[in-house]
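Quick note on UniProt numbering: the sequence shown kicks off at 1 and runs consecutively. Note that beta-carbon positions come from the ideal geometry of N, C-alpha and C, so glycine has one too. Take a look at the structure set out below.
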Amino acid sequence: MDEVAHSAPMRSIAYTELPCEFCAEHPQYFPGDPVGFVRAARWAAVVKDCCHFDARMDYLLCDEHWAMIRHQQLPGQCPRCGAIAYSVEDIVCAEVPLGRSAVTGRGR
Numbered sequence: 001m002d003e004v005a006h007s008a009p010m011r012s013i014a015y016t017e018l019p020c021e022f023c024a025e026h027p028q029y030f031p032g033d034p035v036g037f038v039r040a041a042r043w044a045a046v047v048k049d050c051c052h053f054d055a056r057m058d059y060l061l062c063d064e065h066w067a068m069i070r071h072q073q074l075p076g077q078c079p080r081c082g083a084i085a086y087s088v089e090d091i092v093c094a095e096v097p098l099g100r101s102a103v104t105g106r107g108r
């Protein structure tokens with residue numbers, strides 16, 4: 001193989017913003033947002049679905065919806081199955097910031 005071809009700089013890099021899945025499903029969730037407004041995802045998160053035997057579910061979330069998960073009042077109880085979460089670690093398996101770097105300490 002030609003080593004030079006693999007080390008050549010890229011001619012262009014495409015920058016794509018992915019939509020927040022919660023904003024897309026629930027437009028106008030935050031007061032003052034225009035109709036149909038969808039924020040860009042800034043976090044990829046894997047959460048446990050307590051109603052389905054802690055099945056792992058992945059989501060793309062904006063800063064606002066990520067903050068709702070991180071700063072919710074705990075302990076809390078699932079309204080559907082009754083499972084109790086005592087900490088964010090009971091809900092979130094992993095989180096990755098999109099487009100920037102951060103150290104979170106988790107990644108199970």
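(message) Let me check one thing: in DSSP terms, what residues is A55 bridge-paired to?
(response) D49
(message) Report the CB separation of A45 from C20 in whole angstroms; it is logged as a contact under 8 Å.
(response) The Cβ separation is near 11 Å, so there is no contact.
(request) Could you check which residue in P34, G32, T16, I91 has the C-alpha nearest to that of W66? (result) I91
(message) I need the straight-line Cα distance from F37 to V88, nearest angstrom please.
(response) 28 Å
(request) Could you check which residue in T16, E17, V35 has the C-alpha nearest to that of E25? (result) V35
(message) From the DSSP secondary-structure annotation, give me the bridge partner or partners of A94.
(response) V46
(message) Do C93 and V62 count as a contact pair if the criterion is CB distance below 8 Å?
(response) As written in the sequence, residue 62 is Cys, which differs from the Val given in the question. The answer is no: Cβ separation not under 8 Å.
(request) Check the DSSP bridge columns for Q72 and list the partner residues they point to. (result) According to DSSP, Q72 bridges with nothing at all.
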